Amino acid sequence: MNLIADFDLTRENTLGLKSAARLAARITQAEALAALLDEADRRGMNFTVLGGGSNVVLSETVEALVGLMRIAGRRLSGQTATHNLVTAGAGENWHDFVTWTVGRGMPGLENLAGIPGTVGAAPVQNIGAYGVQLSDVFFELSAFDTKTRAIETFKAADCGFGYRQSRFKIEPGRHVILSVTLALPRDWSPTKAYAGLEGFPDDAAPAEVMASVLALRQSKLPDWRSLGNAGSFFHNPVVSTEEAERLADAPRYPQPDGRVKLSAGWLIEQCGLKGERLGPVGTYDGHALVLVNHGGATRRDVARFAAFVRERVKARFGVDLVQEPVEI
Ligand SMILES: Cc1cc2nc3c(=O)[nH]c(=O)nc-3n(C[C@H](O)[C@H](O)[C@H](O)COP(=O)(O)OP(=O)(O)OC[C@H]3O[C@@H](n4cnc5c(N)ncnc54)[C@H](O)[C@@H]3O)c2cc1C
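Using UniProt numbering, you'd call the opening residue of the sequence shown number 1 and step up by one each time.
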């Protein structure tokens, strides 16, 4: 166990917030977890896991033992008549994993290409983009239960997947995801029910679809390496049809449960907040849903600006925006 005191996390989060962990340790194998938890208990500290830091708002000092997820490995782990099963360690980079599957003739993840972060965090908020979400291709995952200290297998039905939601997000800290197995269809055709992808023929090459997804993402989102951000900062609100009726002009997306999804970016933009800024934090001038760090921001700056956006949207539309990135 290699414990590092006052570990600088500023470069470990895509918002680029100034942050340090009181204590940190790299996790390269599941067997290390029990000893790390014992150590955290002994010191009276919380234990928390960090992947790529692309969906978190970090405190200036994280008063915890932070486990930096680095479990590696990816393989074809099985085959059925209809699917290839692929398994990756929780510390693998998500986009590299997607590229690896497509490169080996196992399509199915191309619409999820370019999402920052790790494989292990993908189930936490059931990542989604361009008409596909992780739960569409999920087979099972293996996780360490920090309460019972046992390693368990979770099938899709055990994960409580919803829109950017799962049991792992609802019960933060309870499970450390160690590996994820996905079922990719052997008889593939592109998912193209999304503006910008609808022109693809059914026999399109998966790599072409992936290239289009990456180009679309690049045209909409700032590169976090040059302008710190955590992607979409608020969930798209899902409201009742009566509530949606009140907002006659708002773009609306009917949901299977009869409710209506609204565009948080549209609501923010209508409040005149696209490109708005308070100190070092603002909305991206190309996409109002993305909060950006113009340099040197801390969690407090983000909280102040996020509260300002929420208040303005509430006052104008009566809609509550819910933050997507997790506070650590
Ligand atoms: C530019 C940009 C674009 C984005 N686009 C999208 C998008 O299109 N769709 C989308 O869904 N998301 C998107 N995101 C959000 C983010 O990339 C995903 O949520 C991603 O899965 C987070 O992975 P991570 O490894 O960075 O997680 P982190 O930010 O490190 O952690 C997020 C949460 O998961 C927990 N966690 C991390 N690893 C584990 C583990 N192994 N076991 C248990 N808990 C764990 C952490 O404790 C934390 O609570 C975007 C972010 C950015 C910066």
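Glycine is no exception: its CB is placed at the ideal position from the N, C-alpha and C atoms.
Since the model is a prediction, treat every value here as computed from it, not as a measurement.
Mind checking residue i: buried by the 16 CB within 10 Å criterion, or exposed?
i: PRO123; result: buried
i: LEU112; result: buried
i: VAL290; result: buried
i: SER54; result: buried
i: ALA35; result: exposed
i: ALA157; result: exposed
i: MET69; result: buried
i: TYR130; result: buried
i: GLY295; result: exposed
I'd like the span of the alpha helix (DSSP H) that includes residue i, first residue to last.
i: PRO206; result: 206-220
i: ASP41; result: 33-42
i: PHE305; result: 299-317
i: GLY53; result: That residue, GLY53, is in no alpha helix (DSSP H); it is neither H nor E in DSSP.
i: PHE200; result: Run containing PHE200: none; DSSP gives neither H nor E here.
Here's a check: name, in chain order, each residue in its chain whose Cβ is nearer than 8 Å to the Cβ of residue i, leaving out the five neighbours to either side.
i: ASP38; result: none
i: HIS95; result: ALA113, GLY114, ILE115 and PRO116
i: MET1; result: ALA25, ALA32, ALA35, LEU36 and GLU39
Check whether the Cβ of residue i sits closer than 8 Å to any heavy atom of ligand 1, and report yes or no.
i: ALA49; result: It is Val, not Ala, that sits at residue 49 in the sequence shown. Yes, the Cβ of VAL49 comes within 8 Å of a heavy atom of ligand 1.
i: MET69; result: yes
i: ARG26; result: no
i: GLN165; result: no
i: LEU221; result: yes
i: GLY231; result: yes
i: TRP224; result: yes
i: GLN218; result: no
i: residue 332; result: What is shown of the chain runs 1 to 328, which leaves residue 332 out entirely.
i: VAL281; result: no
i: SER135; result: no
i: GLY286; result: no
i: GLN323; result: no
i: SER142; result: no
i: HIS294; result: no
For the beta strand (DSSP E) containing residue i, name the first residue and the last one.
i: GLY67; result: 61-69
i: GLY78; result: 74-79
i: VAL292; result: 287-293
i: PHE234; result: Run containing PHE234: none; DSSP gives neither H nor E here.
i: LYS274; result: Segment: none, LYS274 is in no beta strand (DSSP E) and carries neither H nor E.
i: PHE161; result: It is not in any beta strand (DSSP E) - PHE161 carries neither H nor E in the DSSP assignment.
i: ARG26; result: 20-27
i: ARG252; result: 252-254
Alpha carbon to alpha carbon, how far is residue j from residue i? Give it in angstroms, no decimals.
i: PRO107; j: ALA230; result: 27 Å
i: ARG312; j: VAL98; result: 38 Å
i: TRP224; j: ARG277; result: 17 Å
i: ARG304; j: THR80; result: 51 Å
i: ALA24; j: THR48; result: 9 Å
i: GLU242; j: ALA248; result: 11 Å
i: ARG149; j: LEU178; result: 13 Å
i: GLY228; j: PHE308; result: 19 Å
i: GLY199; j: LYS220; result: 19 Å
i: GLY67; j: HIS175; result: 12 Å
i: ILE71; j: ALA88; result: 9 Å
i: LYS147; j: ARG246; result: 46 Å
Note down, in chain order, each residue of its chain lying with its Cβ closer than 7 Å to the Cβ of residue i, except the 5 sequence neighbours on either side.
i: residue 331; result: Past the boundaries of the shown model lies residue 331; the chain is included only from 1 to 328, so the question cannot be answered.
With a CB to CB cut of under 6 Å and the five nearest residues on each side skipped, what residues in its chain are close to residue i?
i: MET210; result: VAL102, GLU110 and ALA113
i: ALA121; result: GLY51
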